[in-house]
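In our numbering, the protein residues as written are 717 to 967.
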């Protein structure tokens, strides 16, 4: 199904898949323009920050050499401009547990072995990014159709996506054609820093004031005849602790 759709999309949108073999070839052909596509595609998503040139260079030099380029899809138009990118990798969570999250003394060996394995059942789909002027044309079908034969080749049975916003319907719709389930949910809550600061300031001021009053009362109540007055006043000077309300998950 995706193969037929991909051919139609390629003909209508005049795009094709350029199957690069390694990170060196990718850099020679496209530099970091594939990362520019990610920046442009994700710029409307909440809390997204574009990559700096330094970050692009670090990711290119550090992480891309570790990828299996069977699962790196670059889609270009008739002018050889990158208009879509799809990147994935094998799930290494079991390997990380096996080496207790440590590279040394032998954790690095297990990690490299997992990344270069020729068989893995669980696959992490890291990202799909399509340039905005090519979105809603079905380029996601081109990317999935390119990688599907390799899913079969490597024995992949389950694909795990990265976190997807619940309002990112374009991304969610990618997986409607497959049996799927939502099994993780994340929530983030925000409180304004100036409100926290003001509340803490009020808490400190109230505490300081009451302590001053009690000190003054203690001074004037040094005689036995004033002891009852001290006890009565201090009983009414119990200050409740100031708290900052926080939102909690309703799940």
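Here a beta-carbon is modelled for each residue, glycine too, at the ideal position from N, C-alpha and C.
Boundaries of the beta strand (DSSP E) in which residue i is found, first to last residue
i: residue 805; result: 798–806
i: residue 846; result: 838–846
i: residue 731; result: 731–733
Unbroken alpha helix (DSSP H) run spanning residue i, endpoints
i: residue 753; result: 749–758
i: residue 743; result: 739–746
i: residue 885; result: 885–888
Anticipated Cβ contact below 8 Å, residue i with residue j, distance rounded
i: residue 757; j: residue 858; result: Actually they are not in contact, since the Cβ atoms of residue 757 and residue 858 sit about 15 Å apart, beyond 8 Å.
i: residue 800; j: residue 847; result: 7 Å
i: residue 839; j: residue 807; result: 6 Å
i: residue 788; j: residue 736; result: 7 Å
i: residue 791; j: residue 872; result: That belief does not hold up - the Cβ atoms of residue 791 and residue 872 are roughly 21 Å apart, past 8 Å.
i: residue 754; j: residue 888; result: Residue 754 to residue 888, Cβ: 18 Å. No contact.
i: residue 870; j: residue 836; result: 6 Å
i: residue 896; j: residue 856; result: Not a contact, Cβ separation roughly 15 Å.
i: residue 879; j: residue 903; result: Going by Cβ atoms, the distance from residue 879 to residue 903 rounds to 11 Å, so no, they are not a contact pair.
Status (buried if at least 16 other CB within 10 Å, exposed otherwise) for residue i
i: residue 845; result: buried
i: residue 943; result: Residue confidence for residue 943 is low, a pLDDT of 40 falling below 50, so the modelled location carries little weight and cannot support an answer.
i: residue 738; result: exposed
i: residue 893; result: exposed
i: residue 724; result: exposed
i: residue 820; result: exposed
i: residue 795; result: exposed
i: residue 938; result: Per-residue confidence for residue 938 stands at a pLDDT of 48, beneath the threshold of 50, marking its modelled position as unreliable; the derived number appears in the next sentence. Exposed, by the Cβ-count rule.
i: residue 751; result: buried
i: residue 945; result: Note that residue 945 has pLDDT 38, beneath the 50 cutoff, so the model's placement of it is unreliable and the number below is only indicative. Flag for residue 945 reads exposed.
i: residue 746; result: buried
i: residue 860; result: buried
i: residue 748; result: buried
i: residue 719; result: exposed
i: residue 817; result: exposed
i: residue 772; result: buried
Any chain C beta carbon closer than 8 Å to residue i
i: residue 758; result: No chain C is part of this structure, which consists of one protein chain only.
Exercise. If you scan the stretch 753–792 from start to end, which runs of the alpha helix (DSSP H) of 4 or more residues do you find wholly inside it?
Worked result: The qualifying runs are 769–778.
Exercise. Is there contact here, the stretch 777–784 with the stretch 811–826, by at least three beta-carbon pairs under 8 Å?
Worked result: Not touching, per the Cβ criterion.
Problem set entry | Ordered list of alpha helix (DSSP H) runs contained in the stretch 815–881, each at least 4 residues | Listed in chain order, the complete alpha helix (DSSP H) runs (minimum 4 residues) inside the stretch 815–881 are 823–831 and 855–869.
Exercise. Contact between the stretch 723–738 and the stretch 764–775: three or more CB pairs below 8 Å?
Worked result: The answer is no - the stretch 764–775 does not touch the stretch 723–738, with fewer than three Cβ pairs under 8 Å.
Exercise. Quick check: the stretch 862–875 against the stretch 739–759, are there 3 or more CB pairs under 8 Å?
Worked result: Verdict: no, contact absent.
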